[in-house]
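*Asks:* Numbering (the working numbering), first residue to last: 909 to 1186.
By construction, the Cβ of each residue, glycine as well, lies at the ideal position given by its N, Cα and C atoms.
Here the structure is a predicted model, which means the values were calculated and not measured.
Would you mind keeping the following structure in view while I ask a few things?
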């Protein structure tokens, strides 16, 4: 299948395909996927979101994908490959969420993007006509997801990919526990700067009080007030702030909070109102 002639016109918006994987950049894997895509639809623009998801870390992949995908133009096709079950009976799916389109293993990787809704069609990839002729049991990103994405970019109607499904696999994503004057959450990710990203978001905090009235507790640290940005405090200071994705995070200014605090995914975090004496 070739790209329609109108996609080649500079007056037309070229289709976009993004890639989010745990492949790293040292091996041939990312390049192979791009080669397959361009061999079918050479007019497509390919954007790397990241290839630095920790190996097999589906939860971290779900977080990164949800935080990045919805900034792209409507109709963008997002391939996400964090797939410890590759070659098993787990399905591969196509999903329409908001104005974005996703291709991924049905292993919970799309959990957080489903929350961004509204959710349209979810289709199980079963029509091998749009796959590579030979499919490796260990590289479905190259042999199934890449060619399917290129055919979609070229105008393929998604209903040709397979049957619709209604119950995709979802992760058991931890939710904070809300009390009258306290929130109990946990660290859900550690970013590349060592910042501890929690499952407590800005909306949760609004119900507790103003940022300067709150205390954040993690391990032995009690942080008075939630600051606006890292530079509001001195280098080396442990701070709590709401990051760019509207999630509460704990950071060390010009440092690495995960190492400094010996914290990790699952470490409890509590937010409470400061008492008047504090």
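(1) For residue 1171, count neighbouring Cβ atoms within 10 angstroms of its own Cβ and tell me buried if that reaches 16, exposed if not.
(2) Mapping the DSSP letters down to three states, classify residue 1182 as helix, strand or coil.
(3) Could you check what DSSP says for residue 1110 in three-state terms: helix, strand or coil?
(4) Give me the Cα-Cα distance between residue 933 and residue 1118, rounded to the nearest whole angstrom.
(5) Measuring CB to CB, does residue 1078 end up less than 7 Å from residue 987?
(6) How would you label residue 979, buried or exposed, when you count the other beta carbons within 10 angstroms and need 16 or more for buried?
(7) Per the DSSP calculation, residue 1138 is bridged to which residue(s)?
(8) CB-CB under 7 Å to residue 1133, same chain, minus the five flanking residues each way: which ones, in chain order?
(9) Starting from residue 1169, follow its DSSP beta bridges and name the residues at the other end.
(10) Looking only at its own chain, which residues have a Cβ that is under 8 Å from the Cβ of residue 947, when we skip the five neighbours before and after it?
(11) Quick one: which unbroken beta strand (DSSP E) runs of 3-plus residues sit fully inside the segment 980-1058? Chain order, please.
(12) Note down the Cα distance separating residue 1008 from residue 1066, rounded to an integer number of angstroms.
(13) Are the Cβ atoms of residue 1072 and residue 1031 separated by less than 7 Å?
(14) Between residue 990 and the rest of its own chain, which residues show a CB-CB distance below 6 Å, the 5 nearest in sequence each way excluded?
(15) Leaving out five residues on either side along the sequence, give the residues of the same chain with a beta carbon under 7 Å from the beta carbon of residue 995.
(16) Beta-carbon within less than 7 Å of residue 945's beta-carbon, same chain only, minus the 5 sequence neighbours each way: which residues are those?
(17) My assumption, with CB atoms under 8 Å, is that residue 1070 sits in contact with residue 1103. Please give the rounded CB distance.
*Replies:* This is what the structure holds:
(1) On the chain shown, position 263 is the one that residue 1171 refers to. Result: buried.
(2) As a first step, residue 1182 is located in the chain shown; it is residue number 274 there, counting from the start. Secondary structure at residue 1182: coil, using DSSP grouped into helix, strand and coil.
(3) Counted from its first residue, the chain shown places residue 1110 at position 202. Helix, per DSSP.
(4) For this step, residue 933 is matched to residue 25 along the chain shown. For this step, residue 1118 is matched to residue 210 along the chain shown. Rounded to whole angstroms, residue 933 and residue 1118 show a C-alpha spacing of 43 Å.
(5) As a working mapping, residue 1078 is identified with position 170 in the chain shown. As a working mapping, residue 987 is identified with position 79 in the chain shown. Contact flag unset, no.
(6) Along the chain shown, read from residue 1 onward, the residue named residue 979 stands at position 71. Flag for residue 979 reads exposed.
(7) By 1-based counting over the chain shown, the position of residue 1138 is 230. As computed with DSSP, residue 1138 is found in no beta bridge at all.
(8) To locate residue 1133, count along the chain shown from 1; it is residue 225. So the qualifying residues of the chain are 1119, 1120 and 1122.
(9) As a working mapping, residue 1169 is identified with position 261 in the chain shown. Residue 1169 is not bridged to any residue.
(10) As a position in the chain shown, residue 947 is number 39, starting the count at 1. Non-local C-beta neighbours of residue 947 in its own chain, meaning closer than 8 Å and more than five positions away in sequence, comprise 1058, ordered along the chain.
(11) Qualifying beta strand (DSSP E) stretches, in chain order: 985-989, 1000-1005, 1008-1013 and 1027-1032.
(12) As a working mapping, residue 1008 is identified with position 100 in the chain shown. As a working mapping, residue 1066 is identified with position 158 in the chain shown. So the two alpha carbons sit approximately 13 Å from each other.
(13) Position 164 of the chain shown holds residue 1072. Position 123 of the chain shown holds residue 1031. For the 7 Å CB-CB criterion, residue 1072 and residue 1031 form a contact.
(14) Within the chain shown, residue 990 is the residue found at index 82, counting from 1. Cβ-Cβ distances below 6 Å link residue 990 to 930, 961, 966, 969 and 1017 in the same chain, with the five nearest sequence neighbours on each side left out; the list follows chain order.
(15) Along the chain shown, one-based indexing puts residue 995 at 87. Closer than 7 Å at the Cβ level, and outside the excluded window around residue 995, lie 1045 and 1046.
(16) As a working note, residue 945 is residue 37 in the chain shown. Excluding five sequence positions before and after residue 945, the CB atoms of its chain that fall closer than 7 Å to its own CB belong to 925, 952, 954, 1054, 1057 and 1058, given in chain order.
(17) The count along the chain shown starts at 1 and reaches residue 1070 at position 162. The count along the chain shown starts at 1 and reaches residue 1103 at position 195. By a beta-carbon distance limit of 8 Å, residue 1070 does not contact residue 1103. Their separation comes to about 40 Å.
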